[in-house]
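Undergrad: Sharing a structure with you now.
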Amino acid sequence: MNLELININKSFEKTHVLHDVSFEVNSGRAMGFLGRNGSGKTTTIRCIMDIFKPDSGEILLDSHVFKPRELKVGYLPEERGMYLKERILDQLIYFGQLKGGNKVESKQSAESWLERFELSEYANRNLEVLSKGNQQKIQIIQAFLNDPDMIILDEPFSGLDPVNAELFKDAIKDAIVRDKLVIFSSHQMSYVEEFCDDITLIDQGEILINGSLNKIKTEMGEGKFRLETINLSRPELKQTIREIGKSLKSVSELFVAEDKRSIIVDLKEITENDFLQQVLSRGLQIKEFSVYLPNLTDIFLHYIKQNEDRAIVQKETDHIAGNPE
Numbered sequence: 568m569n570l571e572l573i574n575i576n577k578s579f580e581k582t583h584v585l586h587d588v589s590f591e592v593n594s595g596r597a598m599g600f601l602g603r604n605g606s607g608k609t610t611t612i613r614c615i616m617d618i619f620k621p622d623s624g625e626i627l628l629d630s631h632v633f634k635p636r637e638l639k640v641g642y643l644p645e646e647r648g649m650y651l652k653e654r655i656l657d658q659l660i661y662f663g664q665l666k667g668g669n670k671v672e673s674k675q676s677a678e679s680w681l682e683r684f685e686l687s688e689y690a691n692r693n694l695e696v697l698s699k700g701n702q703q704k705i706q707i708i709q710a711f712l713n714d715p716d717m718i719i720l721d722e723p724f725s726g727l728d729p730v731n732a733e734l735f736k737d738a739i740k741d742a743i744v745r746d747k748l749v750i751f752s753s754h755q756m757s758y759v760e761e762f763c764d765d766i767t768l769i770d771q772g773e774i775l776i777n778g779s780l781n782k783i784k785t786e787m788g789e790g791k792f793r794l795e796t797i798n799l800s801r802p803e804l805k806q807t808i809r810e811i812g813k814s815l816k817s818v819s820e821l822f823v824a825e826d827k828r829s830i831i832v833d834l835k836e837i838t839e840n841d842f843l844q845q846v847l848s849r850g851l852q853i854k855e856f857s858v859y860l861p862n863l864t865d866i867f868l869h870y871i872k873q874n875e876d877r878a879i880v881q882k883e884t885d886h887i888a889g890n891p892e
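Here the sequence shown is numbered in this note's numbering, starting from 568 and rising by one per residue.
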């Protein structure tokens, strides 16, 4: 299956929240939907779920108008909405029926998931007796009831300890293997990176990037290498790299960045061998020299900063245009 959003716009009164939002999600390839608080993620998800009607644009499933009520959709919202003073099994059966299942299959599905998540003993207890972590597992179960075709998970790992997180990871991996459409929204980048083949980054209601995570990493890391030495401090190493750049007539300047792990050097204008010869000739003892691939946090911060810088330039341009000297 292929879910495609095409130029989705949504406003609330005078606030334009979504600006021509376009991206696609493919079954069997989980998509990580990323963005800061207030970026438009939840509004986009609610448009997909038909909770909000877009002002314009299309949402298509396999090139046809997407109608959530005609597809089995499992949805875990960030704001949880189950009933603390009601029996757990009764609630799950109720939610299963709301999703279109009959009472028998909803009960069977609920009991199966309670067993898988090690909560069968609580089936006839009220939700309020469970710890917050186990309450979260019940919230997750309702999203997986009756074998949905599409699963949308908004901050699903909130409140889960490492043991319960592993149980949930297995459920997500199983859904991906079984060719489900999976949209995974989270601020916990390590989880997104673990599951998601594709990412979509939204900021201020605009899509900054959508596509293969591996491809984005490769393109962003092109020509860049990690370097760490034994006998120089970080500031000394950065200065030495700059000096190497100045000594090479064919190089304008060697770009230097860093993270917690190492120095990052852009070698687009020089071969790795030439650079290493320069490093060794200065008596540097190499601890690490390897191809740099950004992690998801690097990618997130890079594109957010790029968008902020673009917005500042646009604001200044608009100001000058509106106030000519």
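A virtual CB, placed ideally from N, CA and C, is assigned to each residue, including glycine.
The alpha helix (DSSP H) with Asp587 in it runs from where to where?
TA: Along the sequence shown, read from residue 1 onward, the residue named residue 587 stands at position 20. Taken as a continuous stretch (DSSP letters only), Asp587 belongs to no alpha helix (DSSP H), being part of the beta strand (DSSP E) at 582–593.
Undergrad: With 16 other CB atoms within 10 Å as the buried threshold, where does Asp648 fall?
TA: The residue you call residue 648 lines up with position 81 of the sequence shown. The residue asked about is misnamed: residue 648 is Gly in this sequence, not Asp. Gly648 comes out exposed.
Undergrad: For Asn576, which beta-bridge partners are listed by DSSP?
TA: By 1-based counting over the sequence shown, the position of residue 576 is 9. Bridge partners of Asn576: Ser623.
Undergrad: Excluding the 5 residues preceding and the 5 following Leu734 in the sequence, name in chain order all residues of the same chain whose CB lies nearer than 8 Å to its CB.
TA: Along the sequence shown, read from residue 1 onward, the residue named residue 734 stands at position 167. Correct list, in chain order: Arg683, Phe684, Glu685, Lys704.
Undergrad: I need the boundaries of the alpha helix (DSSP H) containing Tyr661, first residue and last residue.
TA: Sequence index remark: in the sequence shown, residue 661 carries index 94 (1-based). Element bounds for Tyr661: 655–665.
Undergrad: Find the nearest neighbour of Pro723 within the set His754, Glu695, Ala690, Val696, judged by alpha-carbon distance.
TA: Taking the first residue of the sequence shown as position 1, residue 723 is located at position 156. Among His754, Glu695, Ala690, Val696, the Cα nearest to that of Pro723 belongs to His754.
Undergrad: Could you please give the first and the last residue of the uninterrupted alpha helix (DSSP H) stretch that includes Glu645?
TA: Indexing the sequence shown from 1 puts residue 645 at position 78. First-last for Glu645: undefined, no H or E at that position.
Undergrad: Using three-state DSSP, classify Ser725 as helix, strand or coil.
TA: Position 158 of the sequence shown, counted from the start, is the residue given in the question as residue 725. Looking at Ser725 - three-state DSSP - the assignment turns out to be coil, as it is neither helix nor strand.
Undergrad: In the DSSP assignment, find the alpha helix (DSSP H) that holds Leu804 and state where it starts and stops.
TA: By 1-based counting over the sequence shown, the position of residue 804 is 237. Note, Leu804: alpha helix (DSSP H), 801–814.
Undergrad: Return the CA-CA distance between Gly624 and Lys882, expressed in angstroms with no decimal places.
TA: Position 57 of the sequence shown holds residue 624. Position 315 of the sequence shown holds residue 882. If I take the Cα positions, the gap works out to 27 Å.
Undergrad: Among Ala710, Asn693, Trp680, Leu834, which residue has its Cα nearest to the Cα of Val749?
TA: Counting from one through the sequence shown, the residue named residue 749 turns up at place 182. Of Ala710, Asn693, Trp680, Leu834, the residue nearest in Cα terms is Ala710.
Undergrad: Where do the ends of the alpha helix (DSSP H) carrying Val759 lie?
TA: Residue mapping note: residue 759 aligns to position 192 of the sequence shown, counting from 1. Run containing Val759: 756–762, per the alpha helix (DSSP H) assignment.
Undergrad: Among residues of its own chain, excluding the 5 on either side of Glu571, which ones have a beta-carbon nearer than 7 Å to its beta-carbon?
TA: Residue mapping note: residue 571 aligns to position 4 of the sequence shown, counting from 1. These residues qualify, in order along the chain: Glu591, Leu627.
Undergrad: Between Ile707, Pro621, Glu645, Ala742, which lies nearest to Gly663 when the distance is taken from Cα to Cα?
TA: Counting from one through the sequence shown, the residue named residue 663 turns up at place 96. Checking every option, the nearest Cα to that of Gly663 belongs to Ile707.
Undergrad: I'd like to know whether the C-beta atoms of Asn713 and Ser673 end up nearer to each other than 9 Å.
TA: Sequence index remark: in the sequence shown, residue 713 carries index 146 (1-based). Sequence index remark: in the sequence shown, residue 673 carries index 106 (1-based). In this structure, Ser673 lies closer than 9 Å to Asn713 by Cβ.
Undergrad: Output the distance between the C-alpha atoms of Ser725 and Glu688, rounded to the nearest integer angstrom.
TA: One-based indexing of the sequence shown puts residue 725 at position 158. One-based indexing of the sequence shown puts residue 688 at position 121. About 23 Å.
Undergrad: Is the distance from the Cβ of Asp765 to the Cβ of Arg596 below 9 Å?
TA: Taking the sequence shown and counting its residues from 1, one reaches residue 765 at position 198. Taking the sequence shown and counting its residues from 1, one reaches residue 596 at position 29. Going by C-beta atoms, Asp765 is nearer than 9 Å to Arg596.
Undergrad: Ala732 to Ala878, Cα distance in whole Å?
TA: In the sequence shown, residue 732 corresponds to position 165, counting from 1. In the sequence shown, residue 878 corresponds to position 311, counting from 1. When rounded, the distance between both Cα atoms is 38 Å.
Undergrad: Are there three or more Cβ pairs, one per stretch, closer than 8 Å when the stretch 628–643 is compared with the stretch 652–662?
TA: Not touching, per the Cβ criterion.
Undergrad: Classify Ile718 as helix, strand or coil using the three-state DSSP reduction.
TA: The residue labelled residue 718 in the question sits at position 151 within the sequence shown. Three-state result, Ile718: strand.
Undergrad: Between the stretch 854–861 and the stretch 781–797, can you find at least three pairs of beta-carbon atoms closer than 8 Å?
TA: Result yes; three or more Cβ-Cβ pairs closer than 8 Å.
Undergrad: Whose CA, out of Asn840, Asn691, Ile866, Ile718, lies closest to the CA of Thr767?
TA: As a working mapping, residue 767 is identified with position 200 in the sequence shown. With distances taken between Cα atoms, Thr767 lies closest to Ile866.
Undergrad: Evaluate Gln852 with the Cβ neighbour count: other Cβ atoms within 10 Å of its Cβ, from every protein chain shown; 16 or more gives buried, anything less gives exposed.
TA: Position 285 of the sequence shown, counted from the first residue, corresponds to residue 852. Exposed: under 16 other Cβ atoms inside 10 Å.
Undergrad: Under 9 Å, do Asn874 and Leu775 count as touching if we go by C-beta distance?
TA: As a working note, residue 874 is residue 307 in the sequence shown. As a working note, residue 775 is residue 208 in the sequence shown. Yes, the pair counts as a contact, with Cβ atoms nearer than the cut-off.
Undergrad: Which class does Asp876 belong to by DSSP, given the choice of helix, strand or coil?
TA: Position 309 of the sequence shown, counted from the start, is the residue given in the question as residue 876. Helix, per DSSP.
Undergrad: Closer than 8 Å by C-beta to Asn691: which residues in its own chain qualify, once you throw out the five before and the five after it? Chain order, please.
TA: Sequence index remark: in the sequence shown, residue 691 carries index 124 (1-based). Excluding sequence neighbours, Asn691 sits near Arg654, Ile655, Leu656.
Undergrad: Which residue from Ile612, Val632, Leu863 puts its Cα closest to that of Glu646?
TA: Looking up residue 646 in the sequence shown gives position 79. Nearest of Ile612, Val632, Leu863 to Glu646, Cα basis: Ile612.
Undergrad: Could you work out which residue in Gly772, Glu839, Lys784, Gly850 is closest to Thr807 when comparing CA atoms only?
TA: Residue 807 sits at position 240 when you count from the first residue of the sequence shown. Out of Gly772, Glu839, Lys784, Gly850, Gly850 has the C-alpha closest to the C-alpha of Thr807.
Undergrad: Report the rounded CA-to-CA distance for Ser589 versus Thr884, giving the unit in angstroms.
TA: Looking up residue 589 in the sequence shown gives position 22. Looking up residue 884 in the sequence shown gives position 317. One C-alpha to the other measures close to 26 Å.
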